[in-house]
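K.L.:
The structure's right below; bear with me while I get my questions together.
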Amino acid sequence: MRINTIWITGAHGRLGSTLVRYLDPLEAEIIATDKEEVDITNQNEVNLFIDRNRPKIIINCSGLSKRQECEDNPDKAYLLNALGAKHIAISSNRVRAKLVHLSTADVFDGETIHPYKEIDTPKPKTVYGKSKYLGEEFVKTFANSYFIVRVSRLYSRENNLVEKIIEQAKSGLVKVPKSRYGSPTSTYELTKFLLSIMGTNAYGIYHASCGGTCSFKTFAQKIIDFTKIEAEIEEIRDSDRVEFEPAFRGMDNYFLDLLGKNTFKSWEDALEDYLRKEYGYGA
Ligand SMILES: NC(=O)c1ccc[n+]([C@@H]2O[C@H](COP(=O)([O-])OP(=O)(O)OC[C@H]3O[C@@H](n4cnc5c(N)ncnc54)[C@H](OP(=O)(O)O)[C@@H]3O)[C@@H](O)[C@H]2O)c1
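Position 25 of the sequence shown, counting from 1, maps to 525 under our numbering, and the rest follow consecutively.
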């Protein structure tokens with residue numbers, strides 16, 4: 501029997517579309533929308549949708565996540581990442597829905613070498629980070645029942661991170677940005693966590709990423725080793741893609757550890773699982 505109605509916003513985006521693929525429609529009724537169906541920048545539209553569909557859980561995957569675009573167009577970034585989150589937070593109370601709000605390691609400045617815990621003070625430096633942090637603050641202020649889930653670097657078929665490395669490896673050379681560290685997280689692991697937490701009332705902020713931290717080079721090397729594709733890796737200076745990405749985005753799931761509920765695998769094990777399940781490597 502299906503127990504819940506889950507509304508996924510930003511369902512055409514990288515994380516939203518992966519969640520729609522992973523969530524079992526037999527366990528929950530999934531309502532997936534993107535900006536064409538519900539524009540999160542319009543409070544009335546969000547209210548109307550919530551009143552009509554009465555979701556029990558909302559997973560907010562909408563927003564502007566391209567860092568360069570946020571810098572070029574801060575108004576759009578604040579409208580989507582901050583005010584859009586506020587609209588959803590306010591509306592969630594109308595039907596007593598739980599709100600799962602996705603956030604990011606970019607709320608920190610990246611000037612450390614220790615994985616960030618929930619007790620560390622956010623200090624965003626980019627428009628993306630600042631707008632996401634404001635979105636978190638609005639969720640905390642306006643939603644009655646929320647989970648703010650901060651994630652480091654996500655990968656899935658939908659966002660092509662691993663796939664691009666495999667493609668380059670097949671041509672013999674993988675180019676990765678130099679000095680960029682994170683906790684690569686399989687969207688499959690994140691989905692398992694979201695499913696485990698959203699039925700509970702353990703509200704609050706959580707860091708939710710696979711265990712450990714690595715450089716882009718180590719991540720690419722792991723893919724090459726596991727797939728047994730012969731390739732060299734070249735570290736390149738900051739490309740456009742990472743210009744506004746904090747250098748260090750390692751995450752520590754400190755609160756989940758304290759509660760004994762950290763189910764995330766290490767980044768290495770999760771990556772092996774992903775390469776096995778999605779592509780049959782390592783079989
Ligand atoms: N991907 C990661 O590595 C990562 C890591 C940490 C945290 N996160 C967080 O996870 C969430 C999802 O990230 P993502 O990578 O999946 O982002 P994404 O691919 O950019 O998806 C965002 C979605 O929101 C849609 N959208 C834009 N304007 C909208 C509006 N007015 N109303 C409703 N929907 C609108 C976008 O549509 P258009 O693209 O057509 O405009 C897009 O489909 C974000 O909050 C992000 O900060 C992501």
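Think of the CB as a built atom: it goes at the ideal place given N, C-alpha and C, for glycine as much as any other residue.
Looking at Lys535 and ligand 1, is the gap between the Cβ and the nearest heavy atom below 6 Å?
P.N.:
As a working mapping, residue 535 is identified with position 35 in the sequence shown. Because some heavy atom of ligand 1 lies under 6 Å away, the Cβ of Lys535 counts as near it: yes.
K.L.:
Which residues mark the beginning and the end of the beta strand (DSSP E) in which Ile588 is found?
P.N.:
As a position in the sequence shown, residue 588 is number 88, starting the count at 1. No beta strand (DSSP E) contains Ile588, which is instead part of the alpha helix (DSSP H) from Ala585 to Ser592.
K.L.:
Got a sec? Which residues, its chain only, sit under 6 Å from Asn593 by beta carbon, not counting five neighbours each side?
P.N.:
Numbered from its first residue, the sequence shown carries residue 593 at position 93. Hits under 6 Å: Asn644.
K.L.:
With hydrogens ignored, establish whether the beta-carbon of Ser592 is closer than 6 Å to any heavy atom of ligand 1.
P.N.:
Within the sequence shown, residue 592 is the residue found at index 92, counting from 1. Checking the Cβ of Ser592 against ligand 1 gives no.
K.L.:
Please report the straight-line C-alpha distance between Pro574 and Ile666, rounded to a whole angstrom.
P.N.:
Along the sequence shown, one-based indexing puts residue 574 at 74. Along the sequence shown, one-based indexing puts residue 666 at 166. Roughly 34 Å separates the two Cα atoms.
K.L.:
Residues in the same chain with beta-carbon distance under 8 Å from Asp551, minus the five sequence neighbours each way, listed in chain order, please.
P.N.:
Counted from its first residue, the sequence shown places residue 551 at position 51. Excluding sequence neighbours, Asp551 sits near Arg594 and Val595.
K.L.:
Below 7 Å between beta carbons: does that hold for Gly513 and Cys570?
P.N.:
Your numbering for residue 513 matches position 13 in the sequence shown. Your numbering for residue 570 matches position 70 in the sequence shown. Not a contact, by the Cβ cut-off of 7 Å.
K.L.:
Is the beta carbon of His707 closer than 7 Å to that of Asn762?
P.N.:
Within the sequence shown, residue 762 is the residue found at index 262, counting from 1. Within the sequence shown, residue 707 is the residue found at index 207, counting from 1. No. Outside cutoff.
K.L.:
Which residue's Cα is closest to the Cα of Ser656: Phe647, Thr687 and Lys586?
P.N.:
Locating residue 656 in the sequence shown gives position 156, counting from the first residue. The residue with the shortest Cα to Cα distance from Ser656 is Thr687.
K.L.:
In chain order, what residues of the same chain have a beta carbon less than 6 Å from the beta carbon of Val674, not counting five sequence neighbours either side?
P.N.:
Residue mapping note: residue 674 aligns to position 174 of the sequence shown, counting from 1. Closer than 6 Å at Cβ, skipping near neighbours: Ile665, Gln668, Ala720, Ala731 and Ile733.
K.L.:
Please report how far the alpha carbon of Ser661 lies from the alpha carbon of Pro684, in whole angstroms.
P.N.:
Along the sequence shown, read from residue 1 onward, the residue named residue 661 stands at position 161. Along the sequence shown, read from residue 1 onward, the residue named residue 684 stands at position 184. For the record, residue 661 in the displayed sequence is Leu; it is not Ser. Distance between the alpha carbons of Leu661 and Pro684 is about 10 Å.
K.L.:
Of the residues Arg650, Thr727, Gly682 and Thr691, which one's Cα is nearest the Cα of Thr704?
P.N.:
Here residue 704 corresponds to residue number 204 of the sequence shown, with the count starting at 1. It is worth fixing the name first, because residue 704 is Gly in this sequence and not Thr. Among Arg650, Thr727, Gly682 and Thr691, the Cα nearest to that of Gly704 belongs to Arg650.
K.L.:
For Ile559, does the three-state DSSP call read helix, strand or coil?
P.N.:
By one-based count along the sequence shown, residue 559 stands at place 59. In this structure, Ile559 counts as strand in the three-state DSSP scheme.
K.L.:
Under the DSSP definition of a beta bridge, which residues are partnered with His601?
P.N.:
Within the sequence shown, residue 601 is the residue found at index 101, counting from 1. In DSSP, His601 forms a bridge with Asn560 and Ile648.
K.L.:
Checking the sheet assignment: what are the DSSP bridge partners for Trp767?
P.N.:
For this step, residue 767 is matched to residue 267 along the sequence shown. DSSP output for Trp767 lists no bridge partner at all.
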